[in-house]
């Protein structure tokens with residue numbers, strides 16, 4: 014299924030590959046929240062957040078959380 018961005022002829026972002034939950038976790042981590050805090054806010058276990066974090070690193074081809082933060086800023090998900 015093509016995203017609306019791809020249909021308009023623009024190159025889709027890797028962010029478009031994320032599920033809504035992954036995007037939510039991505040934003041919270043990029044805002045600087047710790048794993049336990051994200052887990053508490055989303056009412057899941059810290060292990061679930063760690064699993065999401067590993068999935069994010071893989072899907073976004075990031076080397077670490079610093080890369081995720083740079084991507085989030087570039088994509089406009091968080092502001093400086």
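Residue numbers (my numbering): 14 to 93.
For each residue, glycine too, the CB sits at the ideal point set by N, CA and C.
All of these numbers come straight from a predicted model, not from anything done at the bench.
Looking only at its chain, what residues have a beta carbon closer than 7 Å to the beta carbon of residue i, apart from the 5 residues adjacent to it on each side?
| i | result |
| --- | --- |
| residue 18 | Caution is warranted here: a pLDDT of 49 is assigned to residue 18, below 50, making its placement in the model unreliable, and the coordinate value is therefore given only provisionally. Excluding residues within five positions, the ones whose Cβ falls inside 7 Å are 25 and 29. |
For residue i, count neighbouring Cβ atoms within 10 angstroms of its own Cβ and tell me buried if that reaches 16, exposed if not.
| i | result |
| --- | --- |
| residue 27 | exposed |
| residue 86 | exposed |
| residue 67 | exposed |
Determine the closest residue to residue i out of the options, with distance taken between C-alpha atoms.
| i | options | result |
| --- | --- | --- |
| residue 62 | 40, 91 and 88 | 40 |
Given residue i, which residues of its chain have a CB within under 8 Å of its CB, disregarding the five upstream and five downstream residues?
| i | result |
| --- | --- |
| residue 58 | 52 |
| residue 35 | 65, 68, 69 and 72 |
| residue 74 | 27 |
To which residues of the same chain is residue i closer than 6 Å at the C-beta, ignoring the five residues directly before and after it?
| i | result |
| --- | --- |
| residue 49 | 59 |
| residue 138 | This structure cannot speak to residue 138, because the chain is shown only from 14 to 93. |
* Asked: Which ranges would you report for the beta strand (DSSP E) in the segment 42 to 93 if only whole runs of at least 3 residues count?
  -> The DSSP assignment places no complete run of the beta strand (DSSP E) inside the segment 42 to 93 (cut-off: 3 residues).
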